[in-house]
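Residues in the sequence shown are numbered consecutively from 0, following numbering that gives the first Met the number 0. Ideal placement from N, C-alpha and C gives every residue a C-beta, glycine not left out. Written out below as C-alpha cells is the structure these notes cover.
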Amino acid sequence: MAENKHIHHPENDPDYKGLNVNSGIDQPDSVSHDSVKRFLDKKRKVLAPKAYIEGILNGDITLLSKAVTLVESSKKEHQQVAQEIIKQCLPHSGKSVRVGITGVPGVGKSTFIEALGRSITSQGGKLAVLAIDPSSERSKGSILGDKTRMEALSGDKNAYIRPSPSAGSLGGVARKTRETIVLCEAAGFDHIFIETVGVGQSEIAVHSMTDFFLLLMLAGAGDELQGIKRGIMEMADLIAINKADGNNVEKADIAQAQYRNAIHLFPRKESDWDPQVLTCSAYHRKGITEIWEQVENYKKQTLENGYFFRKRNAQAIYWMHETIEEQLRNSFYQHPEMKEKLKVMENYVMNNAMSSFMAAGELLEMYSKLR
Ligand code: GDP
0 MAENKHIHHP ENDPDYKGLN VNSGIDQPDS VSHDSVKRFL DKKRKVLAPK AYIEGILNGD
60 ITLLSKAVTL VESSKKEHQQ VAQEIIKQCL PHSGKSVRVG ITGVPGVGKS TFIEALGRSI
120 TSQGGKLAVL AIDPSSERSK GSILGDKTRM EALSGDKNAY IRPSPSAGSL GGVARKTRET
180 IVLCEAAGFD HIFIETVGVG QSEIAVHSMT DFFLLLMLAG AGDELQGIKR GIMEMADLIA
240 INKADGNNVE KADIAQAQYR NAIHLFPRKE SDWDPQVLTC SAYHRKGITE IWEQVENYKK
300 QTLENGYFFR KRNAQAIYWM HETIEEQLRN SFYQHPEMKE KLKVMENYVM NNAMSSFMAA
360 GELLEMYSKL R
C-alpha cells in the first residue's frame, strides 16, 4: 500500500486540468472481537456519580445526556447512581423559567419552539427542550419523537433537545422528565421547555412541573376538532393562535376575539395573572417575541406577588406524593409472589367467590408481610 504513494498518476501532471488523485491510506488491522467488546463495555460503563456531577456542573452535554439516560433507566443500579446525581444537582437547580407547550399534532409546536428557541439562544440564553409523549405509554410509538423535528435547534450549541422517555406509565415518564429538569438546570440551562401533545392527562403532568403554560391553537377549527378540552384551556396562561399568516390572518383575529371572550368566563387564577390570547406565525417568525414578553411579564408579576415560588413548592410536594404512589404501585404489582396471587384473586372476584373489597384487603395484607 505504502508503495502506491510513489506511483505517478497522469491526473497529477502540472498540465492536467481535472481532478487530482490523492494516494490512499493504509487500512487498519481488521477489528477483533475483543476490541469491539472493550469498546462497547467502555461505552456502557456506568461512571461514579461524581464524574457525572462534575460534568453536568461544567455544562458537559455528553455527560448530561448520559446522566439523563440513567434517570430514564429502570435498572436498580442505574437508579441508585441517578438519584445520587440528582441529589447533588438539586442545590444548583431552579434558576430557570420552565414553560409547558402543548397543542394538537400539526398546530406548529416544533416550528414554534424552533423560532422562539433560536431567538432565546441568539440572545445568549441556554434552552433545554424536553418532551412528555403520552403515545409511548399505550402504543410504544411516538407522536413527538420524529427525528427531523427542530433541525436548526438541534445543531445549536446553546440548545439541548431530549425526546420523551419512552417506557413506563405516564406518571413514570413525567417523574423522569421532572428529574431531567433538575439536571438540565444544574448544567446551566436557564430556559426549559416541556412539550406535549395529549388527551388531557399529559397536559396535567406538564402543567404540574412548569411555571407558565402555553397552548397553541389554530383558527377556524372548532375546539372539539382540535381535541382541546375546556380544562386545558383553563390551565393556559397564554393561548397563541398559530398560522396567522396569508389568508388566515383574518380568521386568526376573529378566533383571538372569541378566545378572549371565552377565557374571561373562567374563574380568576390563583396567580392573579390575566391569561393572554395572541396570534402568531411560527413559520414566518411573527408575533414570537410578543409571546415571550408575556412570559417575562408573568414571571415578574408572580415573583412580585409570591406565587412563583409558592407554585414551585406545591409542585415539589405534589411530585413527592406522585413518586410514592408510583413506586408503591410498582413494587406491589411487580413482586413475583403478588403477581401469582393477583391472578388467583382476580379469578375469585370474577366468579363472585369473593368481593373486590375483601380480595384487595387480603392482597394488601399479604404484601405488607412480604416486605
Ligand atoms: P407539530 O406537530 O405541532 O410539532 O407541528 P409542526 O411544527 O411540525 O408543523 C406542522 C406543519 O405546519 C408544518 O408543515 C409546518 O411547516 C406548518 N406550520 C407551522 N407553523 C406554521 C405557521 O405559522 N404558518 C403556516 N402557514 N404553517 C405553519
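query: Any idea what DSSP makes of Y282, helix, strand or coil?
result: coil
field: Residue from D252, Y258, P335 whose Cα sits closest to the Cα of D236
entry: Y258
- request: Would you check whether the ligand GDP has a heavy atom nearer than 7 Å to the C-beta of V106?
  value: yes
- request: Provide the residue(s) that pair with A239 in DSSP beta bridges, ordered along the chain.
  value: L215, L277
task: Compute the Euclidean distance between the alpha carbons of K146 and P162, then round it to the nearest angstrom.
output: For K146, the predicted structure reports a pLDDT of 46, less than 50, and the residue's modelled location is therefore unreliable. The matter cannot be settled from this model.
query: Between which two residues does the beta strand (DSSP E) containing F192 stretch?
result: 190-195
- prompt: What does a CB cutoff of less than 8 Å around C279 pick up in its chain, not counting 5 residues either side in sequence?
  reply: F111, A239, I240, N241, A243, K285, G286, I287, E289, I290
task: Could I get the ranges of all uninterrupted alpha helix (DSSP H) runs contained in the segment 294-336, with 4 residues as the minimum, in chain order?
output: 306-333
- request: Could you spell out where the beta strand (DSSP E) holding V128 opens and where it closes?
  value: 126-131
N- and C-terminal bounds of the alpha helix (DSSP H) containing T110: 108-121
task: Please go through the same chain and pick out, in chain order, the residues whose beta-carbon is closer than 6 Å to the beta-carbon of R148, but skip the five residues on each side of it.
output: S109
- request: Tell me whether Y159 is buried or exposed, calling it buried when 16 or more other Cβ atoms sit within 10 Å of its Cβ.
  value: buried
task: Measure from the alpha carbon of E295 to the alpha carbon of each residue in V98, E53, T61, then state which is nearest.
output: V98
- prompt: Is the segment 250-266 in contact with the segment 321-329, if contact means three or more CB pairs nearer than 8 Å?
  reply: no
task: Compute the Euclidean distance between the alpha carbons of A358 and Q333, then round it to the nearest angstrom.
output: 18 Å
query: Is G102 near the ligand GDP, in the sense that its beta carbon is under 7 Å from a heavy atom of that ligand?
result: yes
Contact test: N260 Cβ vs the ligand GDP heavy atom, cutoff 7 Å: no
- request: Please confirm if A243 has its CB atom under 8 Å from at least one CB of chain B.
  value: No chain B is present in this structure, which holds just one protein chain.
- prompt: Does at least one heavy atom of the ligand GDP sit under 7 Å from the Cβ of A151?
  reply: no
message: For the pair the segment 198-209 and the segment 77-95, tell me if three or more CB-CB distances fall below 8 Å.
response: no
query: Which of helix, strand or coil does DSSP assign to T101?
result: strand
task: Can you give me the Cβ contacts of R137 inside the same chain, cut-off strictly under 6 Å, excluding the 5 residues immediately before and after it?
output: Its pLDDT being 49, under 50, R137 is placed unreliably by the model, and nothing is read from it.
field: Those residues which DSSP pairs with I160 across a bridge
entry: V128
DSSP state of S201 mapped onto helix, strand, coil: helix
- prompt: Can you tell me the Cα-Cα spacing of S201 and T176, whole angstroms?
  reply: 12 Å
task: Return yes when the C-beta of S280 is under 7 Å from any heavy atom of the ligand GDP, and no when it is not.
output: yes
- prompt: Between E269, A281, M234, L217, which lies nearest to A251 when the distance is taken from Cα to Cα?
  reply: L217
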